[in-house]
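Q: Numbering (this note's numbering), first residue to last: 843 to 1501.
Every residue gets a Cβ at the ideal spot worked out from N, C-alpha and C, and that includes glycine.
Treat the numbers as computed from the prediction; the structure is a model and nothing was measured.
Structure below; questions to follow.
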């Protein structure tokens, strides 16, 4: 592999860094088409065409927008605490944020993947990644809630994740940072990166009925950085592709030391071959790992965290036919597969071209052993042997590519702040439009499926500058919607986003909206502290633990008066919303609670733990507007000194029950 002069590499890095402060593209005011408002208008009471699921980046949350309106419909808490919904504050959801490191109430959510059947979105689940403390989460699209979170061992930065195979057989995650494998031997000098650091690729099996996940196997690979990944489809189904950088295996000043080589790699993994090796017993069972598996049960409205300590690992260098490298210029970021599965698009973010590889040519090169050597035991296919061709001078800083289903690709260019459309077969540039500014990911609804919807593309930009009213030094990120139904792309809408969006996916609303849960039926509630109506509302003491079985209905709690709580008690409010009317949640909060509130859906039970820190009278009230008498939906808890002879009593209205 050729190595550029250090100063030349530094100059390229400087150019890209300066490009982050991209100049404003020309024609800012005239870029929007005249009928833009008509194309994005959704009349009051009408639905959007698409649900768009947008990563929240450092917010740790997942946002749901309607397209084409750009209306924010919901923020789904996943890896971060959310007091609005009680996520991570209720006793039922606290286990969802457990990891092998203990409770980790934040993460960096980068990428989104809708579940697929036969290469098309099926509207069942959304999978998202945690980049910081490596985890994968599954969101259930009947409830729009996080249903499961699985931690990944042997990983350091879960970035090329959670990309999925065309029938959701696997959710796949590649480590961003190579690290020594977990265990006692992981304590070693950082200077030993080249000798001992490894990259781990995790293949997570998904149950076709329940969606539940487990780690099927991991593949140990050479110690480089894995950036992004995509599953093969159709012709290339059974393969997975990962972009890599830092083939220099630098451990410091990576902006220069990891940008020296002319080419890095795309790693091609034959996961069908991996299954054969597993069946033949070629996997190594590793038991010195530790990772959490957290599952939410929609019947009991509770979650459980289980610590696991075993995975099966395949060694890429030892197992022939499992992995191959394809050289790719230079520091590739995205790797994307066209709808036919034939073309593999690399995006060398420090290159002035876009390489497009052919799966057919790659297979022939493997058969003919057209290799230029090996990299740490893995064959390196000759660049020209796998190459379909190069898109010449498309723009500066190519990052990601999506497909319009009409034989064209659209690529985002970070430095030159633009989207560029080009033909996949003849590699000719067809159109380009400016973005405002420094676009990262882009998204076409169904853009990674067999049948993309060629109506819109959304650019997710890293810089906002003058797009919205100024809000101090921190500005909202900008998403921009373009009409791509014609030959030319037209900007039709700007809308701000939550956190820092990276990737997004959008599905036609019809595949999701009719499956959406309206209420939890009271007769199906299996929560261990469920109160089935006001007759079952009560207060019970068990040692220093006081359990309040509380019901909510417009517009009062039962009970709404509680006495006999003592300083030093732990009070558990098990709140059941006994409404059975859609869109009638109730909230619950009490003065001095140092965690949060509850938001309880109709027919649901949730628990808030409260430890009073002083004696006195503590108001409690409903936090979610529920009726004209919402302000009156309140009550009181009396806290007396420890050892007080005030009896435990409770009631609603004039009647009090003493325990």
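1. Among the candidates 1054, 1111 and 1037, whose CA atom is the shortest distance from the CA of residue 1090?
2. Residue range of the beta strand (DSSP E) that residue 1120 falls in?
3. Less than 6 Å between C-beta atoms, sequence neighbours within five positions excluded: which residues of the same chain meet that for residue 1201?
4. Determine the closest residue to residue 1196 out of 1162, 1232, 1224 and 1218, with distance taken between C-alpha atoms.
5. Ignore the nearest five residues each way along the sequence and tell me which others in residue 1193's own chain have a CB closer than 6 Å to its CB.
6. In angstroms with no decimal places, state the Cα-to-Cα distance between residue 1497 and residue 1489.
7. Count the other CB atoms, across all protein chains shown, that sit within 10 Å of the CB of residue 1283; report buried if there are 16 or more and exposed otherwise.
8. Given residue 1411, which residues of its chain have a CB within under 6 Å of its CB, disregarding the five upstream and five downstream residues?
9. Check whether the region 985-1004 and the region 1322-1330 touch, using three or more Cβ-Cβ pairs below 8 Å as the test.
10. Is residue 1266 buried or exposed, if buried means 16 or more other CB atoms sit within 10 Å of its CB?
11. Output needed for residue 952: all residues of its chain with C-beta closer than 7 Å, excluding positions within five of it in sequence on either side, in chain order.
12. Based on the DSSP output, what are the partners of residue 1139 in its beta bridges?
13. Between residue 1241 and chain D, is the shortest Cβ-Cβ distance under 7 Å, so that the two count as touching?
14. Please list the terminal residues of the continuous beta strand (DSSP E) segment that includes residue 1006.
15. Going by beta-carbon coordinates alone, are residue 1005 and residue 1072 separated by less than 7 Å?
16. Going residue by residue through the region 1011-1080, where are the continuous alpha helix (DSSP H) segments of at least 4 residues, counting only ones entirely within it?
17. By the 10 Å Cβ neighbour count, where 16 or more other Cβ atoms means buried, how is residue 1029 classified, buried or exposed?
18. Below 7 Å between beta carbons: does that hold for residue 921 and residue 902?
19. Per DSSP, which one or two residues make a beta bridge with residue 1396?
20. Ignore the nearest five residues each way along the sequence and tell me which others in residue 1459's own chain have a CB closer than 7 Å to its CB.
21. Are the Cβ atoms of residue 1244 and residue 1252 separated by less than 7 Å?
22. Name the residue from 1287, 1256, 1290 and 1250 whose alpha carbon lies nearest to the alpha carbon of residue 1271.
23. Please state if the CB of residue 1303 and the CB of residue 1281 are separated by a distance shorter than 7 Å.
24. Do the CB positions of residue 1448 and residue 1361 come within less than 7 Å of each other?
25. Do the region 1387-1406 and the region 1459-1471 meet, that is, are 3 or more Cβ pairs less than 8 Å apart?
26. Indicate the three-state DSSP secondary structure (helix, strand or coil) for residue 1207 in the structure shown.
27. Output the boundary residues of the alpha helix (DSSP H) element that contains residue 880.
28. Less than 6 Å between C-beta atoms, sequence neighbours within five positions excluded: which residues of the same chain meet that for residue 956?
29. Find the nearest neighbour of residue 1340 within the set 1321, 1351, 1331 and 1352, judged by alpha-carbon distance.
30. Would residue 1167 be called buried (16 or more neighbouring beta carbons within 10 Å of its own) or exposed?
31. Whose C-beta lies closer than 6 Å to the C-beta of residue 979 among residues of the same chain, with five residues either side of it excluded?
32. So what's residue 1092 in DSSP terms, helix, strand or just coil?
33. Can you say whether residue 1404 is buried or exposed, counting buried as having 16 or more other CB atoms within 10 angstroms of its CB?
34. Let me know the alpha helix (DSSP H) ranges lying completely inside the region 1414-1480, each 4 residues or longer, listed in chain order.
35. On a CA-only basis, which of 1256, 1150 and 1164 is nearest residue 1176? Give me that one, please.
36. Residues in the same chain with beta-carbon distance under 7 Å from residue 937, minus the five sequence neighbours each way, listed in chain order, please.
A: With the structure as the only source:
1. Comparing Cα-Cα distances from residue 1090 to each of 1054, 1111 and 1037, the minimum goes to 1037.
2. Counting along the chain, residue 1120 falls outside any beta strand (DSSP E), though it belongs to the alpha helix (DSSP H) covering 1113-1121.
3. Excluding residues within five positions, the ones whose Cβ falls inside 6 Å are 1077, 1078 and 1184.
4. Looking at 1162, 1232, 1224 and 1218, the one whose alpha-carbon comes closest to that of residue 1196 is 1232.
5. Once the five neighbours on either side are set aside, the close Cβ partners of residue 1193 are 1171 and 1172.
6. Each residue's Cα considered, the two are about 15 Å apart.
7. Burial of residue 1283 is indicated by the presence of at least 16 other C-beta atoms within 10 angstroms of its C-beta.
8. Setting aside the 5 residues that flank it on each side, residue 1411 is surrounded in the same chain by 1386 and 1388, each with a C-beta closer than 6 Å to its C-beta; the list follows chain order.
9. Contact fails between the region 985-1004 and the region 1322-1330, because fewer than three Cβ pairs, one in each stretch, are under 8 Å apart.
10. Flag for residue 1266 reads buried.
11. Scanning its chain for C-beta atoms nearer than 7 Å, with the 5 sequence neighbours on each side dropped, one finds around residue 952 the residues 897, 899, 971, 973, 1001, 1344 and 1345, in chain order.
12. Per DSSP, the beta bridge partners of residue 1139 are 1144.
13. In the structure shown, chain D cannot be found, because there is only a single protein chain.
14. Annotation: the continuous beta strand (DSSP E) that includes residue 1006 extends over 998-1006.
15. Their beta carbons are under 7 Å apart, which means residue 1005 touches residue 1072 by this criterion.
16. List check, alpha helix (DSSP H) in window: 1035-1038.
17. Exposed: under 16 other Cβ atoms inside 10 Å.
18. For the 7 Å CB-CB criterion, residue 921 and residue 902 form a contact.
19. For residue 1396, which the question treats as bridged, DSSP gives no partner whatsoever.
20. 1478 and 1480, listed in sequence order.
21. Yes, the Cβ-Cβ distance between residue 1244 and residue 1252 is below 7 Å.
22. Checked all of 1287, 1256, 1290 and 1250; the closest Cα to residue 1271 is 1250.
23. At a Cβ-Cβ threshold of 7 Å, residue 1281 and residue 1303 count as neighbours.
24. Annotated as distal: residue 1448 and residue 1361, with beta-carbon spacing of 7 Å or more.
25. Yes: the two stretches touch, three or more of their Cβ pairs being nearer than 8 Å.
26. Reduced to three states, the DSSP call for residue 1207 is helix.
27. DSSP places residue 880 in the uninterrupted alpha helix (DSSP H) bounded by 878-882.
28. Hits under 6 Å: 963, 968, 1347 and 1349.
29. Measuring from the Cα of residue 1340, the nearest candidate turns out to be 1321.
30. Around the CB of residue 1167, 16 or more other CB atoms lie within 10 Å, so the residue is classed as buried.
31. So the list reads 920, 970, 988 and 991, once near-sequence residues are dropped.
32. Of the three classes helix, strand and coil, the one that applies to residue 1092 here is coil, per DSSP.
33. Around the beta carbon of residue 1404, 16 or more other beta carbons sit within 10 angstroms, so the residue counts as buried.
34. DSSP assignment within the region 1414-1480 yields no whole alpha helix (DSSP H) run of 4 residues or more.
35. The candidate whose alpha carbon is nearest that of residue 1176 is 1256.
36. The answer, listed in chain order, is 1136, 1145, 1146 and 1147.
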